[in-house]
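*Asks:* Before I ask anything, let me first share the structure, which is written out below as structure tokens.
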């Protein structure tokens with residue numbers, strides 16, 4: 063590996079670690095806030111935050127029969143989550159929820175792109191067909207939120223709020239597949255896919271895009 | 063294998079493919095209609111239709127630790143599902159729901175029988191005890207609908223509408239076990255089980271059979 | 063193995079079988095009563111009782127990729143469950159629910175401790191990190207009830223009733239980890255953990271302990 067490429071990869075992987083951490087915290091906070099809104103107790107808050115943060119990747123790994131899970135290999139993250147929940151319970155008030163949610167939209171969009179891209183990559187590495195790999199990317203990015211909503215006894219927001227979320231992951235994920243088919247380096251596909259999915263989500267938020275609705279008559 | 067038996071098996075497996083396809087579409091449509099009734103968006107409609115169609119077999123395979131899943135080995139079905147959902151969103155109206163549901167009862171009953179029988183067979187092949195194999199047959203036939211209802215935030219209809227559904231699968235599935243114990247050929251057990259479960263379901267629908275209810279006092 | 067230790071282990075394992083059976087029945091009855099309250103049909107009652115009884119251990123085994131499941135290795139328990147449900151449907155009335163629930167609190171507390179301890183032990187045996195092992199202990203003890211509540215379309219009681227339940231399992235489970243780290247015999251860790259978790263739960267019930275709530279302002 064040339065030293066230029068090496069430094070590139072290192073920078074990339076450093077950036078990825080930071081983005082992943084920010085996105086995981088954003089996912090966890092979405093669970094924490096929903097749990098608090100539903101008046102769950104301290105245990106429920108931790109569980110729902112954990113499901114939102116790690117549920118998508120875990121479900122993907124169960125389906126692909128991959129072990130160890132992320133939170134087994136990096137068990138320190140479970141402590142981070144626990145501390146995050148305890149700190150939030152001490153310092154966060156209901157009136158902070160809306161502001162936090164609005165602030166979290168941006169790292170959440172980053173996480174959507176990043177996890178969709180990496181989930182697709184992992185599934186391709188496990189020799190899945192293209193459509194299945196893309197589906198696994200979506201599962202990674204979206205199913206944490208789906209499990210969060212199911213435990214909180216709500217219809218999953220990703221399926222019912224008529225805003226493009228899973229669709230951005232779906233579209234971006236295809237770039238990973240295309241990069242692999244064209245023989246391009248993995249990191250290029252990952253960056254293109256994560257960037258595209260994130261950009262689509264940001265545009266959807268800024269421009270108020272809506273998914274096609276079922277016609278009413 | 064004698065040519066008579068061979069032709070028999072071929073015909074059987076052709077018929078099975080057609081029935082399986084019809085049943086899978088019936089399962090998918092049940093998800094699609096429930097998602098539309100709940101005003102889910104386009105993504106939710108596809109996901110719930112997919113869960114209803116493939117959720118039961120996938121859950122069985124996760125429990126039996128079997129891979130690849132049906133929808134990985136036959137990834138084309140995911141495209142069929144996607145097209146089905148898109149077409150339905152263009153052409154289906156609310157006023158078509160009830161009629162479609164009523165029309166789908168019959169392929170759904172076929173699917174109930176067929177998936178219960180094949181699920182039981184697969185579990186027996188994985189050396190499961192008889193009662194576990196029968197349970198896996200029920201999971202295959204019924205759990206797609208259960209997951210559909212959980213995501214749509216409803217108590218699963220299979221557990222609450224007091225009409226025999228899982229019970230038909232349960233009773234039929236035992237014929238697969240009996241055929242295996244008696245050393246009869248597999249296809250005979252499959253046909254007998256699928257036929258019995260389907261027949262029981264059709265009779266339950268036509269004659270309005272009810273499951274025993276919990277006594278109220 | 064000295065004969066003294068042998069007899070100790072035998073007695074211990076006899077006691078464990080009896081406690082496990084009582085706890086499993088207590089878990090199943092909690093499912094049965096919730097299903098009956100929700101007016102589920104006979105099939106739903108059996109399924110929810112089964113989920114409550116075996117769901118936690120099964121989810122743990124899926125996450126740890128362990129096979130066979132308890133209810134595959136001891137398939138007779140599925141028959142016990144079926145008979146229990148049928149008998150309950152014949153003899154139990156709504157007016158018995160509250161009394162049964164109150165009586166079941168004690169074997170349920172035993173089950174909480176025992177399953178938390180054994181789940182943690184099993185995860186440590188699969189080389190999981192300490193925090194993951196403790197989490198698996200909690201999953202074993204608590205997730206049967208969580209699945210029961212999700213299928214019945216309720217927010218899981220373990221996350222929302224503000225009484226220490228999962229927390230008792232969490233605290234007790236650490237004693238298994240400590241015993242392992244200190245090189246103490248397995249049975250000592252198991253007994254200490256199960257006893258502590260059960261005792262905490264009993265005290266929580268008797269003294270009306272509450273989990274810290276989210277502050278309202």
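Chains as they are written, first to last, in our numbering: chain R, 63 to 279; chain Y, 63 to 279; chain P, 63 to 279. Even for Gly, the Cβ is constructed at its ideal location relative to N, Cα and C.
Do residue 105(Y) and residue 237(R) have their C-beta atoms closer together than 8 Å?
*Replies:* Residue 105(Y) sits at position 43 when you count from the first residue of the second chain. Residue 237(R) sits at position 175 when you count from the first residue of the first chain. Going by C-beta atoms, residue 105(Y) is not nearer than 8 Å to residue 237(R).
*Asks:* Output yes or no for whether 8 Å exceeds the beta carbon distance between residue 266(Y) and residue 234(Y).
*Replies:* The sequence position of residue 266(Y) within the second chain is 204, counting from 1. The sequence position of residue 234(Y) within the second chain is 172, counting from 1. Their beta carbons are not under 8 Å apart, which means residue 266(Y) does not touch residue 234(Y) by this criterion.
*Asks:* For a contact defined as C-beta to C-beta under 8 Å, what are the partners of residue 194(Y) on chain P?
*Replies:* Here residue 194(Y) refers to the residue found at position 132 when the second chain is read from its first residue. Correct list: 133, 134, 137, 140.
*Asks:* Please return the same chain residues whose Cβ sits closer than 6 Å to the Cβ of residue 261(R), not counting the five positions on each side in sequence.
*Replies:* Locating residue 261(R) in the first chain gives position 199, counting from the first residue. For residue 261(R), there are no CB contacts under 6 Å within the same chain when 5 residues up- and downstream are skipped.
*Asks:* Output yes or no for whether 8 Å exceeds the beta carbon distance between residue 198(R) and residue 181(R).
*Replies:* Taking the first chain and counting its residues from 1, the one referred to as residue 198(R) is at position 136. Taking the first chain and counting its residues from 1, the one referred to as residue 181(R) is at position 119. For residue 198(R) and residue 181(R), yes; Cβs fall inside 8 Å.
*Asks:* Under a three-way DSSP split, which group does residue 163(Y) fall into?
*Replies:* By one-based count along the second chain, residue 163(Y) stands at place 101. In the structure shown, residue 163(Y) sits in a helix (DSSP, three-state: H, G or I).
*Asks:* Name the residue from 155(R), 252(R), 193(R) whose alpha carbon lies nearest to the alpha carbon of residue 142(Y).
*Replies:* By one-based count along the second chain, residue 142(Y) stands at place 80. Nearest of 155(R), 252(R), 193(R) to residue 142(Y), Cα basis: 193(R).
*Asks:* Excluding the 5 residues preceding and the 5 following residue 88(R) in the sequence, name in chain order all residues of the same chain whose CB lies nearer than 7 Å to its CB.
*Replies:* Here residue 88(R) corresponds to residue number 26 of the first chain, with the count starting at 1. Same-chain partners within the cutoff: 166, 169, 170, 173.
*Asks:* Considering only the beta carbon of each residue, do residue 116(P) and residue 206(P) sit closer than 8 Å?
*Replies:* Against the third chain, residue 116(P) aligns to sequence position 54. Against the third chain, residue 206(P) aligns to sequence position 144. In terms of Cβ geometry, residue 116(P) and residue 206(P) form a close pair [threshold 8 Å].
*Asks:* What does a CB cutoff of less than 6 Å around residue 112(R) pick up in its chain, not counting 5 residues either side in sequence?
*Replies:* In the first chain, counting from the first residue as 1, residue 112(R) sits at position 50. Excluding residues within five positions, the ones whose Cβ falls inside 6 Å are 143.
*Asks:* So which residues on chain Y does residue 212(P) lean against when the C-beta distance must stay under 7 Å?
*Replies:* Taking the first residue of the third chain as 1, we reach residue 212(P) at position 150. The answer, in chain order, is 212.
*Asks:* Using alpha carbons as the reference points, say which of 226(Y), 130(Y), 190(Y) lies closest to residue 103(P).
*Replies:* For the purposes of this step, residue 103(P) is taken as the residue at position 41 of the third chain. Minimum Cα distance to residue 103(P) is reached at 226(Y).
*Asks:* Quick one, which residues of the stretch 94–107 of chain P are near chain Y if we go by CB-CB under 8 Å, in chain order?
*Replies:* 97, 98, 100, 101, 102, 103, 104, 105, 106, 107
*Asks:* Could you give the C-beta distance for residue 256(R) and residue 250(R), rounded to a whole number, given that I count them as a contact under 8 Å?
*Replies:* As a first step, residue 256(R) is located in the first chain; it is residue number 194 there, counting from the start. As a first step, residue 250(R) is located in the first chain; it is residue number 188 there, counting from the start. So it is not a contact: roughly 11 Å between Cβ atoms.
*Asks:* Can you list, in chain order, the residues of the stretch 221–245 of chain R whose Cβ is nearer than 9 Å to any Cβ on chain Y?
*Replies:* 221, 222, 223, 224, 225, 226, 227, 228, 229, 232
*Asks:* Do you know how far the Cα of residue 85(R) is from the Cα of residue 76(R)?
*Replies:* Residue numbering aside, residue 76(R) sits at position 14 when the first chain is read from its first letter. Residue numbering aside, residue 85(R) sits at position 23 when the first chain is read from its first letter. Looking at the two C-alpha atoms, the distance is approximately 14 Å.
*Asks:* Which of the three DSSP states is assigned to residue 249(Y) in this structure?
*Replies:* Numbered from 1 along the second chain, position 187 holds the residue referred to as residue 249(Y). In the structure shown, residue 249(Y) sits in a helix (DSSP, three-state: H, G or I).
*Asks:* Are any of the Cβ atoms in chain Y nearer than 8 Å to that of residue 127(R)?
*Replies:* In the first chain, counting from the first residue as 1, residue 127(R) sits at position 65. Yes, residue 127(R) counts as interfacial toward chain Y.
*Asks:* Does residue 261(R) come out as helix, strand or coil in the three-state DSSP assignment?
*Replies:* In the first chain, the residue the question calls residue 261(R) occupies position 199. Residue 261(R) falls in the helix class under three-state DSSP.
*Asks:* Indicate the three-state DSSP secondary structure (helix, strand or coil) for residue 63(P) in the structure shown.
*Replies:* Here the question's residue 63(P) lines up with position 1 in the third chain. With a pLDDT of only 46 at residue 63(P), under 50, the local geometry of the prediction cannot be trusted, and no value is derived from it.
*Asks:* Between the stretch 176–203 of chain R and chain P, which residues of the former have CB atoms less than 9 Å from a CB of the latter, in chain order?
*Replies:* Going along the stretch 176–203 of chain R in chain order, one finds no residue with a Cβ nearer than 9 Å to chain P.
*Asks:* Using a threshold of 8 Å, state whether the C-beta atoms of residue 134(R) and residue 200(P) are closer than that.
*Replies:* Translated into positions along the first chain, residue 134(R) becomes position 72. Translated into positions along the third chain, residue 200(P) becomes position 138. Not a contact, by the Cβ cut-off of 8 Å.
*Asks:* In chain order, what residues of the same chain lie with their CB nearer than 6 Å to the CB of residue 202(Y), ignoring the 5 residues before and after it?
*Replies:* Position 140 of the second chain, counted from the start, is the residue given in the question as residue 202(Y). 118, 119, 122, 177, 181, listed in sequence order.
*Asks:* Tell me the residue span of the alpha helix (DSSP H) that contains residue 123(P).
*Replies:* Stepping through the third chain from its first residue, residue 123(P) is reached at position 61. Note, residue 123(P): alpha helix (DSSP H), 104–126.
*Asks:* Within the 8 Å Cβ cut-off, does residue 169(R) reach chain Y?
*Replies:* Taking the first residue of the first chain as 1, we reach residue 169(R) at position 107. Taking Cβ atoms only, chain Y never reaches closer than 8 Å to residue 169(R), which makes this a no.
*Asks:* Can you name, in chain order, every residue of its own chain whose Cβ lies under 8 Å from the Cβ of residue 273(P), other than the five neighbours on each side?
*Replies:* Locating residue 273(P) in the third chain gives position 211, counting from the first residue. Within the same chain, residue 273(P) has close Cβ partners 224, 225, 226, 229.
*Asks:* State the DSSP-derived secondary structure class of residue 141(R), mapped to helix, strand or coil.
*Replies:* Numbered from its first residue, the first chain carries residue 141(R) at position 79. If DSSP states are grouped into helix, strand and coil, residue 141(R) belongs with the helices.
*Asks:* So residue 124(P) contacts chain Y; which residues on that side make the cut at Cβ distance below 7 Å?
*Replies:* Along the third chain, read from residue 1 onward, the residue named residue 124(P) stands at position 62. Neighbours of residue 124(P) on chain Y, chain order: 124.
*Asks:* May I ask you to report which of helix, strand or coil DSSP gives residue 147(P)?
*Replies:* Walking along the third chain from the start, residue 147(P) turns up at place 85. It is helical.
*Asks:* Exposed or buried, which one is residue 243(R) when buried takes at least 16 other CB atoms within 10 Å?
*Replies:* Here residue 243(R) corresponds to residue number 181 of the first chain, with the count starting at 1. Result: exposed.
*Asks:* Could you confirm whether any beta carbon from chain Y is found closer than 8 Å to the beta carbon of residue 274(R)?
*Replies:* Translated into the one-based positions of the first chain, residue 274(R) becomes position 212. Against chain Y, the CB of residue 274(R) has a partner CB under 8 Å away; the residue lies at that interface.
*Asks:* Under 8 Å, do residue 269(R) and residue 183(R) count as touching if we go by C-beta distance?
*Replies:* Stepping through the first chain from its first residue, residue 269(R) is reached at position 207. Stepping through the first chain from its first residue, residue 183(R) is reached at position 121. In this structure, the beta-carbon distance from residue 269(R) to residue 183(R) does not fall below 8 Å.
*Asks:* For a contact meaning CB atoms closer than 7 Å, what does residue 109(P) contact in chain Y?
*Replies:* As a working note, residue 109(P) is residue 47 in the third chain. Neighbours of residue 109(P) on chain Y, chain order: 221.
*Asks:* In whole angstroms, what separates the C-alpha of residue 148(Y) from that of residue 196(R)?
*Replies:* Numbered from 1 along the second chain, position 86 holds the residue referred to as residue 148(Y). Numbered from 1 along the first chain, position 134 holds the residue referred to as residue 196(R). Between residue 148(Y) and residue 196(R), the C-alpha separation is close to 18 Å.
*Asks:* I need the DSSP call for residue 92(R), collapsed to helix, strand or coil.
*Replies:* Position 30 of the first chain holds residue 92(R). Helix.
*Asks:* Between which two residues does the alpha helix (DSSP H) containing residue 131(P) stretch?
*Replies:* Taking the first residue of the third chain as position 1, residue 131(P) is located at position 69. It is not in any alpha helix (DSSP H) - residue 131(P) carries neither H nor E in the DSSP assignment.
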